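Participant:
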Amino acid sequence: MSGLIGDLLAHLPALQVVVPLAAAPLCLLAGRAGLAWIIAFTAAVAATATAAALAYLTFHNGTISYHMGGWAPPWGIEYVVDTANALILLLVSAIATVVLAFCPASVAREIRPGSQHLFYCMFILCLTGLLGIAVTGDAFNVFVFLEISSLSSYALIAMGGHRKALTAAFQYLIMGTIGATFFLIGVGLLYMMTGTLNMADLQARIPAIQDSRPVAAAMAFITVGLALKAALFPLHLWLPNAYASAPSAVSAFIAATATKVSLYVLLRFTFTIFGANFAFLNLPLHWVLLVLAVIAMFAGSFSAIFQRDVKRMLAYSSIAQIGYITLAISLASSAGISAALIHIFNHGLMKAALFCAMGCIFYRIGSTRIEHFAGLGRQMPWTMTAIVAAGLSLLGVPLTAGFISKWYLVQAALQADLWWLVILIAASSLLALVYVWRLVEAMYFKAPPAGREDVGEAPLSMLLPTLLLAGLNIYFGLDTRLPVAMAESAAALLLRGQM
Amino acid sequence: MTGAALIILALGLPLLAAPLIWIVGNRPNRREAVTLTIAAALLLVVLAILPLVLAGLPVRVALGAPVPGLNIAFSVEPLGMIFACVASFLWIVNSVFSIGYMRGNNEPRQTRFYVCFAIAIAASIGLAFAENLFTLFVCYEALTLSTYPLVTHHKNAEARQAGRTYLGILLGSSVGLLLPAIIATWVLTGSVTFTTGGIMAGKVGPVIGGILLLLYLYGIGKAALMPMHRWLPAAMVAPTPVSALLHAVAVVKAGVFTVVKVTVYIFGLDYLRELAMADVALYLAGFTILTASIIALRQDNLKRRLAYSTVSQLSYVIMAALILSPLSTMGAALHIAVHAFGKITLFMAAGAIYTAAHKTKVSELAGIGRRMPWTMGAFAIGAISMIGLPPAAGFISKWYMLLGAFEAEQFFAVVVIVLSTLLNAAYFLPIIYAAFLKPQTDGGSSHGHGEAPLPILLALVATAAGTVLLFLFPGSALELAGLLVGR
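Chains as they are written, first to last, in the numbering used here: chain L, 1018 to 1516; chain H, 77 to 563.
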């Protein structure tokens, strides 16, 4: 028996991807929504368990290297799990599980009956792609999984009920393809210069040739491509439409995970492969990222204030929050990388909770426009509680996860002697106060419009996951051991022997 | 019982009250019984801590650390003891008053009102006992958020606008200025724990220290240093009990309490004496005292006049703390308690007038003293305390402030105190004069009202008596204030 468990543990990195990948065609074959949901949900639970085991193992025993099919790297594909991607794997698979628990009622309401099993197939395929991007130690393999997750998310967004979903998906498809192509060009240049695609090999060979122009070009292509996928200002234009038009469950899942995974890849390429010295001393990545991040923080928040559709408002808020993460990355210090990873984790929780709450509201009133929120404070008190809790976390009020993020971010800025940055962070947090409070006032201060029948809470299968996610925002504001310890360990690994 | 258990009880009782009040919400008598019982129990618990603090025993409890090195911890010291005693005693009095006012005016959403009140008290107690800036900040924000529903109680357009001002200024200043100041303190000194003698000396230079002082003073928006004071008059749209407890006691006192804590235990008086910015801050506080008094003179709405009086009185505490002599620091600590008693009396009198006579303007009060002798008698005592005359407690705190100002040779502060005493007299005495000596303007026949309901009167008389008693028997308060500065 122990032998079986030992075998299982040895193959965890492969299982992380293979289980959801195998579940995808099964969902298709199942043909019925109920059965497909069971398959998808089981696979997501298994993925979460795998990710948790991997997180535990990497944190206690160090980095795990797995050779796909027994082929030794660099000939075969290597999967490398350390604390950095273990945290991402855990976030992505856990959010997928909770959102899938939320799905049945929401999907039954928003997706045509005939294609619901296809929805689950695409959903689990998207999960596969995101997990694969995080787990692999091979530069080209990243591209493959990037395409898997992107193509499935185009399909998922296009399933949104309104016709606008089609243009949003098409816009995202164009932008996403450009991003992926840029990334591929960068990887191609690296392969041309080094003859390898294995990340560890790339890391070893790049220093010798780092003054050559193709390597600088590769870095530029890869950074721009990933910035497009991560929706970093000014490459964010696809994001608001995509998040606003997608089905509720898809918005919750993608908003919490997709851009985060791209930011992780940016971290991985910048620090592990190119090295911080190359990226920040030879090339001006510090100022490029810092300036764009600050603009993103303000442009995103300002745009959010003026949105009438709450899902769009949250999408613009995401652009601002991605700005925070990028800002932390641009500091290129151990504290900065920790802050980035912590905020990746915490922001995933906030946005998943908020978009799930939007799903609950859409389920009942068929709209997420702010004027239709009038009176909901009384009619859907629990959903509104979840929105307020996650909203406070978004603001960074103490005892919520968001505060922990801000705390580490500000500390990183102070360590870098960038006092003025602290003022900008505080100012942009105040903009978040404005848009979160617009929501609170709409929910609590206005009487429900005449003519709308009395609505109640969404079904428990939707409400409970939403409340769970909101509760996690509070929990991780109090007990920060998991994200902070993982992030600090990851920052040490990513910066090992550099700067 | 150990000190740690007492602190947990003091925090837990009001937190426990909130769900209990909610559960029995549709039975008003039981709901009010829960509030009063728990308020009384809280006062007993706080009083049980008092002898421990007077004896100099350490009373502390740590609940955990969300970020390594940043504890959620509580530890009772003399200043916090004063604040906790005042808040827990006045919660009882104010609850009695609330019962009379809320029922007398048929206010809606009373259950929510009492629930939020209990949470706000828990936050105040936590703030009073906070061992470090981080814990204090958590309680400070909890206080802002839990009082927001109280300020916007009426849910109309005016309340929403006031709520925006309230939250905008309080959250804005705390997130935008106070939090960066706390984090900077943490980065520069490696500590945010309140320590006797301060933690800045030798670690923070004079320029950064000066900037930090301004960040703290303006970041603590609840202390209403101009121009951060606008939330205070705006919040007067709330029902009077809210104005009474929260904007005479809990919220504003949380502000000046934090200022005194920061000056004494973070900067340290010795460090501040070396800081040129401390003088600038003193002038800013003096400016606020005088300007707010002049604005108060021109207000015809009684609650607004009281609100601006509060703005002015709060800066007394800030100025007294910045005079930087031990005697004036004692004055600052005493004034936190003294002003609380005096101002809650005045607000409750305003509430009594509104409940009995539906009058809100100063100009309508001619002759009202004959119909409401108890109310206006209490009002007079509160006003005398504000002006700083014996036999009201306001005299004692002003006395210490003046002593301290002379000791530190801060003659600017002396001039400000004298001028503002005249201004205080100018905006309070005409009210008393009109109430008792002028003939009634509406002929007294339009509607025959007498005194407000009995619970309101009881509460009023209790706080007015407290104001006088604090003058006659200042023993424990003086002793605590002395402990604060090591005398």
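No residue lacks a Cβ here, since even glycine has one placed at the ideal position from N, Cα and C. Note that the coordinates shown come from a computational prediction; the quantities given were computed from them, not determined experimentally.
(1) Restricting to runs no shorter than 3 residues, where is the beta strand (DSSP E) found entirely within the stretch 119-197 of chain H?
(2) Any idea if V491 (chain H) is buried or exposed, counting beta-carbon neighbours within 10 angstroms, 16 or more meaning buried?
(3) Could you please give the first and the last residue of the uninterrupted beta strand (DSSP E) stretch that includes V1098 (chain L)?
(4) Does the stretch 228-236 of chain H come within contact of the stretch 158-172 of chain H, defined as at least 3 CB pairs closer than 8 Å?
(5) Once the 5 residues before and after E555 (chain H) are set aside, which same chain residues still bring their CB inside 7 Å of it?
(6) For my contact list, F1390 (chain L) and L1486 (chain L) are in at a C-beta cut-off of 8 Å; report their separation, rounded to the angstrom.
(7) Any beta carbon of chain L sitting closer than 9 Å to that of E234 (chain H)?
(8) Quick one: residues in its chain with C-beta nearer than 8 Å to the C-beta of S521 (chain H), no 5 flanking neighbours on either side, listed in chain order?
(9) Do you know whose CA, among H:P515, H:A432, H:P127 and H:K379, lies nearest T78 (chain H)'s CA?
(10) Less than 8 Å between the CB atoms is what I'm expecting for M1176 (chain L) and F1136 (chain L), so what's the real figure, rounded?
(11) Any heavy atom of the ligand GTP closer than 8 Å to the Cβ of I1195 (chain L)?
(12) Chain H beta carbons: is any one of them nearer than 9 Å to that of L1499 (chain L)?
(13) Could you name the residues of chain L that F213 (chain H) contacts, counting a contact when the two beta carbons are closer than 9 Å?
(14) Tell me whether the stretch 394-408 of chain H and the stretch 466-481 of chain H touch, counting them as touching only if at least three CB pairs, one residue from each stretch, are closer than 8 Å.
(15) Residues of chain L with CB under 8 Å from V137 (chain H), in chain order?
(16) By Cβ distance, which residues of its chain are closer than 6 Å to L146 (chain H), with the 5 residues on each side in sequence left out?
(17) Distance, Cα to Cα, S1351 (chain L) vs A1508 (chain L)?
(18) Hey, quick one: how far does the alpha helix (DSSP H) through Y341 (chain H) stretch, first residue to last?
(19) Between which residues of its own chain and Q1396 (chain L) is the CB-CB distance below 7 Å, once the five residues before and five after are set aside?
(20) Can you check whether the C-beta of W98 (chain H) is within less than 9 Å of a C-beta belonging to chain L?
(21) With C-beta atoms as the reference, is I1128 (chain L) less than 9 Å away from I1271 (chain L)?
(22) Among the residues of its own chain, which have a CB less than 7 Å from the CB of G457 (chain H), if the five just before and after it don't count?
(23) Buried or exposed, going by whether 16 or more other CB atoms sit within 10 Å of the CB of E217 (chain H)?
(24) Using the Cβ count rule (16 or more neighbours within 10 Å means buried), how would you classify K1328 (chain L)?
(25) Report the option in L:A1418, L:A1443 and L:S1268 whose CA atom is closest to the CA atom of V1124 (chain L).
(26) At a CB distance below 7 Å, what residues from the stretch 1453-1472 of chain L approach chain A? Give them in sequence order.
(27) Using CA atoms only, rank isn't needed, just tell me which of H:Y190, H:R136, H:I444 and H:P142 is closest to M157 (chain H).
(28) Kindly identify the DSSP beta-bridge partner or partners of N1215 (chain L).
(29) Quick check: L1148 (chain L) and A1063 (chain L), are their CB atoms within less than 9 Å of each other?
(30) Taking the alpha helix (DSSP H) that I1361 (chain L) belongs to, which residues open and close that run?
(31) Any Cβ of chain L within less than 9 Å of the Cβ of T241 (chain H)?
(32) Are F189 (chain H) and P90 (chain H) touching if we call contact CB-CB under 9 Å?
(33) Y224 (chain H): which of H:A204, H:I444 and H:A196 sits nearest, CA to CA?
(34) Closest to I412 (chain H) by C-alpha separation, out of H:Y430, H:H323 and H:F487, would be which residue?
Facilitator: Taking the geometry as given:
(1) 136-143 and 146-151
(2) exposed
(3) Residues E1095 to V1098.
(4) No: fewer than three Cβ pairs fall under 8 Å.
(5) Cβ within range, chain order: L130.
(6) Not quite, the Cβ-Cβ distance comes to about 19 Å (not below 8 Å), so this is no contact.
(7) Cβ-Cβ to chain L under 9 Å: no for E234 (chain H).
(8) Note that S521 (chain H) scores a pLDDT of 48, beneath 50, so its modelled location is shaky; the value from the coordinates is reported in the next line. Correct list: empty, nothing qualifies.
(9) H:P127
(10) 6 Å
(11) By its list of ligands, the structure shown contains no ligand whatsoever, and the ligand GTP lies outside what it can speak to.
(12) Not one chain H Cβ lies under 9 Å of L1499 (chain L).
(13) P1415
(14) Judged by Cβ distances under 8 Å, the stretch 394-408 of chain H makes contact with the stretch 466-481 of chain H, as three or more pairs qualify.
(15) What V137 (chain H) touches in chain L: nothing, since even the nearest Cβ is about 16 Å away.
(16) Within its own chain, the residues whose Cβ lies closer than 6 Å to the Cβ of L146 (chain H), once the five positions on either side in sequence are excluded, are F210, listed in chain order.
(17) Those two C-alpha atoms are separated by around 5 Å.
(18) No alpha helix (DSSP H) contains Y341 (chain H), which DSSP labels as neither H nor E.
(19) Once the five neighbours on either side are set aside, the close Cβ partners of Q1396 (chain L) are P1465, D1471, V1472 and G1473.
(20) no
(21) Not a contact, by the Cβ cut-off of 9 Å.
(22) According to the sequence as given, residue 457 (chain H) is Ile; it is not Gly. The residues are T421, A468, A540, T543 and V544.
(23) buried
(24) buried
(25) L:S1268
(26) The structure shown contains no chain A; its protein chains are L and H.
(27) H:R136
(28) L:D1155
(29) No, they are not a contact pair.
(30) S1351 to I1382
(31) no
(32) no
(33) H:A196
(34) H:H323
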